[in-house]
Amino acid sequence: MIKAVIFDLDGVIVDTAHYHFVAWQRLAKELGISFTEKENERLKGVSRMRSLEIILEIGGVSLPEEKKEELATKKNSWFVEYIEAIKPDEIFSGVREMLSSLRQQGFKVALASSSKNAETVLRLLQIKPLFDTVVDGTMITHSKPDPEIFLLAAARLGIEPEHCVVFEDAEAGVEAALAAGMKCVGVGSADQLGKADAIVNSTADFRIENLHSL
Ligand code: B16
Ligand code: MG
């Protein structure tokens, strides 16, 4: 019996992945590393520092911790600059209505994003009041694919993991949801998200009445 729905942010509610990509690519260019949109898939759902490490691995570059901190901070300052322009209508089509319907139908609704900028994005989209709880990258120690973020969201909602469904667009996120003992709807392609219990092209394509048959 599903009682709660937990949403990832980037790629499920809004396309911040594009802004992450543009900022990472700018940094990669400065470092002389070629970084493609396909390689960017590996960064989805994982933490800022792990993302940087993946790019450095791609470039075969090894740097001291201090330098990595400096580069991650630089990338984040560009990302924050880019997302300042986000408008409420950038939310994926149908998602605002879906969040409202879920709560009207008695489901608890949470946001669980690895991003430390999730609060800013929610404010810009004007959707924070649509969630019963928000868990983000500032509140966790282990990033997806570790289940910590989803277990924390469920605990804050007061709902057992087996009664939760997670909407995720990243492979690391699907793994995290399943490791948490939750059901998972993958948003994207079956190639990448094949382990999910169901796959949709975009979040609002999922029919709420199908939650109980996952
Ligand atoms: P930040 P999500 C994740 O958000 C992104 O998918 C991932 O690409 C990013 O590295 C991570 O947030 C950390 O973001 O640098 O803003 O803290 O998909 O978990 O909503
Ligand atoms: Mg995501």
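Each residue of the sequence shown is one higher than the one before, starting from 110 at the first, in our numbering. Glycine included, every Cβ here is placed at the ideal spot set by N, Cα and C.
Please report the Cβ distance between residue i and residue j, rounded to the nearest whole angstrom; I am assuming they are in contact, meaning their Cβ atoms lie under 8 Å.
{"i": "PHE259", "j": "ALA285", "result": "6 Å"}
{"i": "GLU271", "j": "GLY295", "result": "In fact, because the Cβ distance is near 19 Å, the residues do not count as touching under 8 Å."}
{"i": "VAL283", "j": "LEU320", "result": "So it is not a contact: roughly 17 Å between Cβ atoms."}
{"i": "ALA113", "j": "PHE276", "result": "12 Å between Cβ atoms; not a contact."}
{"i": "LEU233", "j": "ILE195", "result": "4 Å"}
{"i": "ILE122", "j": "ILE200", "result": "6 Å"}
{"i": "VAL155", "j": "LYS253", "result": "7 Å"}
{"i": "ILE236", "j": "ARG205", "result": "6 Å"}
{"i": "LEU323", "j": "LYS304", "result": "Going by Cβ atoms, the distance from LEU323 to LYS304 rounds to 13 Å, so no, they are not a contact pair."}
From the DSSP output, which residues share a beta bridge with residue i?
{"i": "ALA219", "result": "ILE115, THR242"}
{"i": "ILE308", "result": "GLY295"}
{"i": "GLU277", "result": "GLY295"}
{"i": "VAL123", "result": "ASP119"}
Going by C-alpha distance, which of the options is nearest residue i?
{"i": "GLY120", "options": "SER224, THR250, ASP306, GLU269", "result": "SER224"}
{"i": "GLY297", "options": "SER252, GLU179, LYS153, ALA194", "result": "LYS153"}
{"i": "GLU139", "options": "LYS304, ASP300, ALA264, LYS183", "result": "LYS183"}
{"i": "PHE130", "options": "CYS293, LYS147, ASP117", "result": "LYS147"}
{"i": "SER186", "options": "ASN226, ASP255, GLY246", "result": "ASN226"}
{"i": "GLU178", "options": "ILE249, SER160, ILE122, ILE200", "result": "SER160"}
{"i": "GLU318", "options": "GLN214, SER209, GLU228, ALA299", "result": "GLN214"}
{"i": "SER311", "options": "GLU162, GLY203, VAL170, ASP198", "result": "GLY203"}
{"i": "ARG151", "options": "LYS292, CYS293, ASP278", "result": "ASP278"}
{"i": "ILE115", "options": "VAL244, HIS251, ALA299", "result": "VAL244"}
Tell me the residue span of the alpha helix (DSSP H) that contains residue i.
{"i": "GLU318", "result": "That residue, GLU318, is in no alpha helix (DSSP H); it is neither H nor E in DSSP."}
{"i": "PHE259", "result": "257-266"}
{"i": "LYS184", "result": "174-192"}
{"i": "MET207", "result": "204-213"}
{"i": "VAL230", "result": "227-234"}
{"i": "GLU166", "result": "157-168"}
{"i": "LYS147", "result": "146-149"}
If I measure Cβ to Cβ from residue i and keep anything under 6 Å in the same chain, skipping five residues before and after, which residues do I get?
{"i": "MET207", "result": "ALA313"}
{"i": "TYR191", "result": "TYR128"}
{"i": "GLY168", "result": "ILE142"}
{"i": "ASN149", "result": "PHE130"}
{"i": "GLY246", "result": "SER223, SER224, LYS225"}
{"i": "ARG344", "result": "In the structure displayed, the chain extends from 110 to 323; residue 344 sits before or after that span and is not available."}
{"i": "LYS176", "result": "none"}
{"i": "LYS292", "result": "VAL274, ASP306, LEU323"}
Going by beta carbon distance, what residues of the same chain come within less than 7 Å of residue i, once the five residues before and after it are set aside?
{"i": "PHE240", "result": "VAL218, ALA219, LEU220"}
{"i": "ILE164", "result": "TRP133, ALA137, ILE142, PHE144"}
{"i": "THR242", "result": "ALA219, ALA262, ARG265, LEU266"}
{"i": "LEU302", "result": "GLU280, VAL283, GLY295, ILE308"}
{"i": "ALA126", "result": "ASP119, GLY120, LYS153"}
{"i": "GLU257", "result": "ILE249, THR250, HIS251"}
Is the shortest distance between the beta-carbon of residue i and the beta-carbons of chain C less than 8 Å?
{"i": "LEU302", "result": "Looking for chain C here will not work: only one protein chain is present."}
Between which residues of its own chain and residue i is the CB-CB distance below 8 Å, once the five residues before and five after are set aside?
{"i": "MET110", "result": "HIS272, HIS321"}
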